[in-house]
Amino acid sequence: MSTPNGFPQHSRVCLTRSMEGGAVQDLQAKKAGKAAKKEAGGDGAPPKIGTPISETLKLLPEELKANMKIRSITPRPPRKPRLERAASLDEKSWRKWRRFRTSQESLTDPNETSSSNGSLQEASPSPPTRGRASPCNPCCQQDSLHSSPDALEASPGGKSRGGASDLGKRASEISSAFGGLLRGKGFAGGKPRLSQIMPARPLPPMELNVASHSLRTANRIDSDCLDYRHYSQHKFGRVSSSLSDSRLQGNGTLYDNYSTDSMKSTFSVLTPIRAKDVRSRSYLEGSLLASGALMGAEELSRYFPDRSMGIFVATWNMQGQKELPVNLDDFLLPTDPDFAQDMYVIGVQEGCPDRREWEIRLQETLGPHYVLLHSAAHGVLYMSVFIRRDLIWFCSEVEYATVTTRIVSQIKTKGALGISFTFFGTSFLFITSHFTSGDSKVNERKLDYNKTIQALTLPKNVPDTNPYRSSSSDVTTRFDEVFWFGDFNFRLNKDRETVDSILNQHPDTDVSKLLVYDQLTSEMSRGSIFKGFQEADIHFRPSYKFDIGKDSYDSTSKQRTPSYTDRVVFRSRYKDDIQAVKYSSCPVIRTSDHRPVFALFRVKVRPGRDNIPLAAGLFDRDLYLIGIRRRATRELLKRREQKDQRSSSICSIS
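The sequence shown maps to residues 1 to 654 in full-length UniProt numbering.
Pasting the structure below:
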């Protein structure tokens with residue numbers, strides 16, 4: 001039978017009986033406590049929390065039962081449940097602990113804490129229910145009180161009819177009991193006891209194969225690191241892709257068992273190499289299209305994804321001075337480009353008496369990242385080629401040749417020195433020259449040029465990369481990339497006063513009016529010298545002739561006209577292979593009457609074959625060790641000087 005509101009009639013009666021006045025409930029609780037004490041023998045134990053209200057009512061006197069009035073109320077539907085708060089870490093760990101059901105301990109001892117495999121419905125309290133009315137069915141009452149022993153009975157208005165102190169006391173008891181359970185303590189204060197964790201099944205035997213899946217799990221590529229190739233290419237401009245990289249994505253075994261980018265934490269260029277690739281590749285013979293070739297396309301793309309490298313070329317007439325500059329950083333490592341170059345080639349005319357000391361100073365300045373690939377000399381003409389130490393394996397044997405342009409060959413102050421080698425599949429030729437001096441000796445300088453291109457016997461053993469475009473009468477046609485630099489001694493066809501007035505009127509970067517009188521520019525435009533060569537735009541002041549130690553031009557009685565005697569020109573077999581990045585001088589070095597002139601280039605590199613004479617990583621090891629030792633010593637002395645300076649600056653006043 002149901003009421004007009006849709007609730008069963010017996011539920012309405014039960015709800016009415018459960019919602020009595022505060023005074024009646026307090027009296028009931030006291031009677032129930034006295035009755036429980038009598039049953040327990042007067043030991044003062046509290047009544048059972050799970051005692052139903054119907055049993056408690058039996059303890060009341062008959063006259064009180066007769067005076068009780070039953071008020072009829074209209075039940076309302078429950079409110080919408082509120083969102084529960086997020087579980088804390090302790091609650092989460094406690095829930096995981098409940099779900100762990102491998103314990104074999106008994107749950108019969110009520111004083112022990114809850115085990116890891118049992119249900120906690122009877123031992124653990126739950127937070128109080130926030131409903132508007134408590135169930136009145138006896139079975140519902142028992143379930144509710146068992147799950148929440150200190151649950152509060154709420155009135156229809158949502159306010160407890162008990163005192164505020166009772167509410168606070170019961171709430172604190174519930175929270176303390178619940179918190180103790182989360183910390184592994186039962187209501188009785190027993191010690192926590194966890195069962196031993198045992199595997200559900202025996203472990204599989206370890207495989208002895210080195211390619212075992214179990215052994216290679218630690219090297220598996222994470223899914224969030226699959227885009228490392230694009231990330232490193234965006235950030236560093238270069239990405240590693242060795243001979244195995246092109247087949248990693250397609251071969252599931254290698255992809256699963258190896259970490260192809262084990263360097264993703266250190267950004268190294270080294271990647272794993274498969275044993276099959278090592279067996280198939282040959283370091284002495286190879287093909288241009290063969291995969292795994294040392295000088296092939298895959299290895300080239302690994303180091304130079306854009307297939308272009310940076311080259312620093314410099315020339316300096318040292319005037320035979322024994323004294324070397326204190327610091328060469330501004331010369332070899334200018335601050336304008338953000339990055340150092342891959343190769344450094346320095347040519348010197350009228351070099352210092354101690355050539356070895358000069359090379360040590362170069363190594364000390366460039367540091368441990370570079371090694372001396374080769375150096376050569378022709379009298380007082382020096383040339384040194386430094387390259388990054390991880391690129392020496394891709395160079396062929398280095399060859400050099402010399403030419404003397406003076407009639408008396410014993411005097412080797414004028415002439416040319418050439419060094420050639422192949423880097424991957426691109427052949428390079430570097431020539432440094434010192435032509436005949438004199439303002440009016442233009443024809444003699446052109447003769448020096450013609451003698452050099454005919455008499456310089458290069459290459460010798462290293463094959464020509466494109467013999468069909470070579471000429472036996474011109475050495476510069478037998479190489480892909482040619483750089484010619486030195487003291488060419490071409491002057492300005494103008495008197496000293498006119499040149500000084502132009503220099504005083506225009507800033508350092510605007511020298512176009514001076515270049516109108518330049519002999520070399522005029523001869524190159526006619527095609528009488530340096531055929532096929534180019535020169536970058538000049539935006540620096542003349543590099544000759546200065547007073548030593550000063551920034552002023554020649555103040556002696558000769559009053560030599562400032563000129564662009566020191567130059568760097570280049571040519572290539574292929575169009576746009578060489579791009580000039582910077583062309584300038586170094587005015588801070590004043591130990592000579594010439595200023596050093598340097599140029600930065602970006603040069604395209606092509607893949608090659610392995611069947612050429614390789615340098616096999618050969619470099620000047622002794623020079624490397626001496627230069628690095630000096631660099632470390634210089635740094636220690638610098639720190640000591642700074643420390644002494646700080647200590648000497650502290651004084652005491654008595």
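Note that beta-carbon positions come from the ideal geometry of N, C-alpha and C, so glycine has one too.
Under 9 Å between the Cβ atoms of V345 and F386?
yes
With DSSP collapsed to three states, give me the class of E299.
helix
Which residues share a DSSP beta bridge with W316?
V348
From D487 to R595, what does the alpha carbon distance come to, in whole angstroms?
Between D487 and R595, the C-alpha separation is close to 11 Å.
Compare the Cα-Cα distances from S473 to each of T561, Q321, I628, P459 and report the closest residue.
P459
Put Q363 into one of helix, strand or coil per three-state DSSP.
helix
Can you tell me which of the three DSSP states A580 falls into?
strand
Looking at the strands, I want to know which residues DSSP matches up with S572.
E481
What's the call for L203, buried or exposed, on a 16-neighbour Cβ count within 10 Å?
exposed
Cα-Cα, which of D390, V568, N493, S470 is closest to T432?
V568
Which first and last residues belong to the alpha helix (DSSP H) in which L381 is found?
That residue, L381, is in no alpha helix (DSSP H); its beta strand (DSSP E) goes 381-388.
Three-state class that DSSP yields for M524 in the structure shown:
helix
Bridge partners for L332 per DSSP, in chain order?
L332 is not bridged to any residue.
Spatial neighbours of Y583 in its chain, beta-carbon cut-off 6 Å, leaving aside the 5 residues before and after
A536, A599
Kindly indicate which residue of I360, D342, T476 has the alpha-carbon position closest to the one of R573.
T476
Name the DSSP beta bridge partners of C395, please?
Secondary-structure assignment with DSSP links C395 through a beta bridge to F423.
Nearest neighbour of A377, chosen from S396, Q363, I419 [CA to CA]:
I419
Where DSSP assigns a beta bridge to R567, which residues make up the other side?
G486
Buried or exposed by the 16-neighbour rule on C-beta atoms within 10 Å, applied to V588:
exposed
Considering only the beta carbon of each residue, do L381 and V605 sit closer than 9 Å?
no
Contact between the region 604-620 and the region 388-405 (3+ Cβ pairs under 8 Å):
yes
Roughly how far, in whole angstroms, is the beta-carbon of C586 from the beta-carbon of F331, given that I think they are within contact range, below 8 Å?
5 Å
Collapsed DSSP secondary structure at K451 in the structure displayed
helix
Tell me the rounded alpha-carbon separation between S522 and L447.
Near 16 Å, if we compare the C-alpha coordinates of L447 and S522.
Going by CA-CA distance only, name the one from Y553, R279, R630, F490 that's closest to Q501.
The sequence as given places Ser at residue 501; Gln does not occur at that position. The residue with the shortest Cα to Cα distance from S501 is Y553.
When A455, D390, R388, R445 are compared against L417, the one with the closest alpha-carbon
Taking only the C-alpha atoms, the option nearest L417 is A455.
Nearest to V442 by CA position, among R491, G415, I626, is which residue?
R491
Quick one: Cα of N327 to Cα of T591, how far?
A straight line joining the alpha-carbon of N327 with that of T591 spans about 11 Å.
What number of angstroms, rounded off, separates the C-alpha of A314 from the C-alpha of K276?
45 Å
Would you verify that the beta carbon of S555 is, or is not, closer than 9 Å to some beta carbon of chain D?
No chain D appears in this structure, which consists of one protein chain only.
Opening and closing residue of the alpha helix (DSSP H) in which K513 lies
512-515 is the extent of the alpha helix (DSSP H) around K513.
In its own chain, which residues sit with a C-beta less than 6 Å from the C-beta of R560, not counting the 5 before and 5 after it?
K545, D554
Whether G379 touches P353 by CB criterion (9 Å)
no
Under a Cβ-count criterion, where at least 16 other Cβ atoms within 10 Å of its own Cβ denotes burial, should S375 be classed as buried or exposed?
buried
Looking only at its own chain, which residues have a Cβ that is under 8 Å from the Cβ of H369, when we skip the five neighbours before and after it?
A340, R388, R389
Compare the Cα-Cα distances from R496 to each of R640, K558, E481 and report the closest residue.
K558
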